[in-house]
């Protein structure tokens, strides 16, 4: 989720039709917090490596989920969860013609029923960034070799990374997680994402 992610798609070329539909829904509902196109293109590419299941927390109006669905191979199931019931219903309408996509309404932990995942995108819960939001258990939610994406970081300029004048514990959790081989990808001057792959053993 980005503060101006919906508007950031304005004028972007080559958007998949499903992404354009989700953006139209986001604009109609005046939802500005969709993922940015840089993040969407990364999700699109990563989705192509999934063989069975993709999960996403914080679906919003479905822009990130649409990027994922547009990149996924036939037969891959996608599940998104959105805590706001109105947004969840609107996102579900975006995917009404896509039976492989399920949009759930509720707390991000509902996604646990549908795992383990080949690809898990933590955008609205499970990131461990906010008080009361514990990090998702990737050893339970990812298949061996599966990938987790934790987005919306400001690129780190120092080590250890800092956020708001403090050591960024959430980012360190993912970068140093013993079950993951993780790295931070700079997607733009003001945007980075942590991508981690669960060890095979």
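In the working numbering, the protein residues as written are 28 to 228. Don't be surprised by glycine CBs; every beta carbon is placed ideally from N, CA and C. As the structure is a prediction and not an experimental result, all values here were calculated from the model.
So, under 8 Å CB-CB, residue i and residue j are touching, yes? Tell me the CB distance rounded to an integer number of Å.
{"i": "residue 106", "j": "residue 53", "result": "Wrong, their Cβ atoms sit about 19 Å apart, outside the cutoff."}
{"i": "residue 220", "j": "residue 212", "result": "5 Å"}
{"i": "residue 202", "j": "residue 209", "result": "5 Å"}
{"i": "residue 85", "j": "residue 32", "result": "Going by Cβ atoms, the distance from residue 85 to residue 32 rounds to 11 Å, so no, they are not a contact pair."}
Could you pull the DSSP bridge partners for residue i from this structure?
{"i": "residue 222", "result": "176, 210"}
{"i": "residue 82", "result": "106, 147"}
{"i": "residue 200", "result": "Beta-bridge pairing links residue 200 to no other residue."}
{"i": "residue 194", "result": "189"}
{"i": "residue 215", "result": "218"}
{"i": "residue 169", "result": "144"}
Quick one, are the C-beta atoms of residue i and residue j less than 8 Å apart?
{"i": "residue 200", "j": "residue 155", "result": "yes"}
{"i": "residue 70", "j": "residue 113", "result": "no"}
{"i": "residue 225", "j": "residue 171", "result": "yes"}
{"i": "residue 93", "j": "residue 55", "result": "no"}
{"i": "residue 66", "j": "residue 169", "result": "no"}
{"i": "residue 115", "j": "residue 132", "result": "yes"}
{"i": "residue 204", "j": "residue 228", "result": "no"}
{"i": "residue 95", "j": "residue 109", "result": "no"}
{"i": "residue 36", "j": "residue 45", "result": "no"}
{"i": "residue 88", "j": "residue 117", "result": "yes"}
{"i": "residue 188", "j": "residue 198", "result": "yes"}
{"i": "residue 141", "j": "residue 196", "result": "no"}
Please find out if some non-hydrogen atom of the ligand COA comes closer than 7 Å to the beta-carbon of residue i.
{"i": "residue 226", "result": "The ligand content of the structure shown is nil, which means the ligand COA is not present either."}
Notebook entry, point to check: Is the region 171 to 185 close to the region 139 to 149, with three or more CB pairs under 8 Å?
Noted result: yes
Notebook entry, point to check: Where are the alpha helix (DSSP H) runs, 4 residues long or more, that stay fully inside the region 90 to 146, in chain order?
Noted result: 90 to 98, 112 to 121
Notebook entry, point to check: Should the region 136 to 145 be regarded as contacting the region 76 to 90, the criterion being three or more beta carbon pairs within less than 8 Å?
Noted result: Yes, the region 136 to 145 touches the region 76 to 90.
Check: Does the region 60 to 70 touch the region 119 to 131, meaning 3 or more C-beta pairs lie closer than 8 Å?
Finding: no
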